[in-house]
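>
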Amino acid sequence: MIGFTILLTFIGIIIMAFASITQKKLADSIVLFMGVGLGSVVLFFIFNAPDVALTEAVIGAGISSLIFLMALKHLKAKA
Amino acid sequence: MSLKRTLPTSVLSGFALSGAFILTVLQLLLQNVPKDIDRAGDALLSLNANEGVANAVTTVVVYFRGFDTLGEIAVLFIAALGIGLMLGENERCVIKAQSNFMLHTGAKLLFPIITLYGVYVMSYGHLSPGGGFQGGVIIASGVLLLLISHRDFEVPHSFIVWLETFAGVAYVLIGLIGLLTLDIFLGNFLPHDVSQMGLLLSGGIIPIIYIIVGIKVGSEMSAIVQSLIKRGDNV
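Residue numbers (this note's numbering), protein chains in the order written: chain A, 572 to 650; chain B, 621 to 855.
This is how it looks when you write it as structure tokens:
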């Protein structure tokens, strides 16, 4: 069961990472990037690294995506 | 469109030559692997018990690699300095859209809870997963919530400068006291007995250093977020 979860998360991360670089809209890219971070959090936690999981959740999926969104708002890109 | 048309032959041969060089170096390295390289982590973990800290990751980050953590904080300081230099002169943007009543009240309600959680993660970094970096960024995300929901909110610049200076000076001072008393930079000069492992006051200087790291990271990330919000165009 845990192996199935790990496999599913891996596949989801790869699909979301590929989708985030092929999206036309930049806002969709950023949301998919947050999804990649979230999948990594699950993997880190399963592989007994809660410290890294907490860091990734706070920095990778949280504040860096918010900074990207703020930069996108200032760029006034057609998103 | 073939690769040959876009890249000149000299570039391609350069790629091939560097690839061959890297493969040769890898071959040489793989032939002479040190014997105990897969057990280096076990040696560090067995040393962990000497410091009396329950979370082994914290011991590695703050004590065994304490000088590296000082360097990481310097890197973060330089990043905050660059953003402040580039964006600091802009005036605060005038947000014309009044924030929703729900957002206004919810942000006020959530900010103390987020700050409390950040302080908990920071001060229990030597007992449970977490630590200064994570706790500092959690506090900065609470500040970000207040910045986007309240028009007039602003962390006073002098307060950020004071906190940052205090944290940086305290880190180096603790390291120098360790150098004076134990002849080791960042030496653990406070009592750290193994029997105290798991208590809040255990591990000597390690929790103190992690709280200092948390103060520094929190103030720097708040400054970064605030100067990004303060970009001078009206939204």
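Note that beta-carbon positions come from the ideal geometry of N, C-alpha and C, so glycine has one too.
Of all the CB atoms in chain B, is at least one closer than 9 Å to the CB of A/ILE638?
Answer yes: the Cβ-Cβ gap between A/ILE638 and chain B drops below 9 Å somewhere.
> For the alpha helix (DSSP H) containing A/LYS644, name the first residue and the last one.
That run of the alpha helix (DSSP H) goes 635–646.
> Give a yes or no on whether the C-beta atoms belonging to B/SER749 and B/VAL673 are separated by under 9 Å.
The sequence shown places Pro at residue 749 of chain B, not Ser. Going by C-beta atoms, B/PRO749 is not nearer than 9 Å to B/VAL673.
> Go through the stretch 577–629 of chain A residue by residue and report every complete run of the alpha helix (DSSP H) that reaches 4 residues or more, in order.
Taking only runs of at least 4 residues, the alpha helix (DSSP H) segments lying wholly in the stretch 577–629 of chain A are 597–617, 621–626.
> So B/GLN846 and B/LEU767 are in contact, right, with Cβ under 8 Å, and what is the actual spacing, rounded?
Rounded, the Cβ-Cβ distance is 6 Å, consistent with contact.
> Residues in its own chain within less than 6 Å of A/PHE639 by CB, not counting five upstream and five downstream?
If we look at A/PHE639 and ignore the five residues flanking it on each side, its Cβ neighbours are ILE601.
> Kindly say whether B/PRO827, judged by its beta-carbon, lies nearer than 9 Å to any beta-carbon of chain A.
No, B/PRO827 does not count as interfacial toward chain A.
> Could you pull out every residue in the same chain whose Cβ sits closer than 6 Å to the Cβ of B/SER822, ignoring the five residues on either side in sequence?
If we look at B/SER822 and ignore the five residues flanking it on each side, its Cβ neighbours are GLY672, GLN816.
> Could you check where the alpha helix (DSSP H) with B/TYR744 kicks off and where it finishes?
Counting along the chain, B/TYR744 falls outside any alpha helix (DSSP H), and DSSP gives it neither H nor E.
> Report the three-state DSSP secondary structure of B/ARG771 (helix, strand or coil).
B/ARG771: coil per DSSP, three-state reduction.
> Can you tell me where the alpha helix (DSSP H) with B/THR801 in it begins and where it stops?
It spans 777–802 - the alpha helix (DSSP H) in which B/THR801 sits, taken as one unbroken run.
> Given A/LYS584, which residues of its chain have a CB within under 6 Å of its CB, disregarding the five upstream and five downstream residues?
According to the sequence shown, residue 584 of chain A is Ile rather than Lys. Answer for A/ILE584: VAL607, GLY610, listed in chain order.
> So which residues on chain B does A/LEU625 lean against when the C-beta distance must stay under 8 Å?
Ordered by position in chain B, the residues that pass the 8 Å Cβ test against A/LEU625 are VAL741, PRO749, GLY750, GLN754.
> For B/LYS836, report the span of its alpha helix (DSSP H) as first-last.
Looking at the DSSP string, the run of the alpha helix (DSSP H) that includes B/LYS836 is 826–849.
> Do B/ILE693 and B/GLY788 come within 9 Å of each other at the CB atom, strictly closer than that value?
Yes, these two residues count as a Cβ contact at 9 Å.
> For B/ALA760, would you say it is in contact with chain A, using Cβ-to-Cβ distances shorter than 9 Å as the test?
Judged by the 9 Å Cβ criterion, B/ALA760 is in contact with chain A.
> With a CB to CB cut of under 7 Å and the five nearest residues on each side skipped, what residues in its chain are close to B/ASP813?
The answer, listed in chain order, is GLY672.
> Rounded to whole angstroms, what is the Cα-Cα separation between A/LEU637 and B/LYS836?
Their backbone Cα atoms lie some 21 Å apart in a straight line.
> Between the alpha carbons of A/ALA650 and A/ALA590, how many angstroms are there, rounded?
Note on A/ALA650: pLDDT 46, under 50, position unreliable in the model; the coordinate value appears next. Spanning the two alpha carbons is a distance of roughly 16 Å.
> Using a Cβ-Cβ cut-off of less than 9 Å, list which residues of the stretch 829–844 of chain B approach chain A; keep chain order.
The residues in question are MET841, ILE844.
> Should A/ILE630 be flagged as near chain B, meaning a C-beta pair shorter than 9 Å?
Yes, its Cβ sits closer than 9 Å to a Cβ of chain B.
> Starting from B/LEU848, find everything on chain A with Cβ-Cβ shorter than 9 Å and list it in chain order.
Neighbours of B/LEU848 on chain A, chain order: ILE638, MET641, ALA642, HIS645.
> Going by beta-carbon coordinates alone, are B/ILE759 and B/GLY686 separated by less than 9 Å?
Against a cut-off of 9 Å, the Cβ pair of B/GLY686 and B/ILE759 comes out as no contact.
> Would you kindly work out how many angstroms separate the C-alpha atoms of B/GLY838 and B/ALA790, rounded to a whole number?
Each residue's Cα considered, the two are about 15 Å apart.
> So, is B/GLY634 buried or exposed, given that buried needs 16 or more other C-beta atoms within 10 angstroms?
When all chains shown are included, B/GLY634 counts as exposed.
> Please look up how many angstroms separate the CB atoms of B/PRO827 and B/GLY745, rounded, as I've assumed it's under 8 Å.
The Cβ separation is near 7 Å, so the contact holds.
> Thinking A/THR626 and B/PHE753 are a contact (beta carbons under 8 Å), I'd like their distance in whole angstroms, please.
Yes, A/THR626 and B/PHE753 are in contact; Cβ-Cβ is about 6 Å, under 8 Å.
> Identify, in the order they occur along the chain, each residue of the same chain with its Cβ nearer than 7 Å to the Cβ of B/LEU632, setting aside the five sequence neighbours on each side.
Cβ within range, chain order: n/a, list empty.
> Using CA atoms only, rank isn't needed, just tell me which of B/SER778, B/GLY756, B/ILE642, B/HIS777 is closest to A/ILE630.
Looking at the Cα atoms, B/GLY756 is the closest of the given residues.
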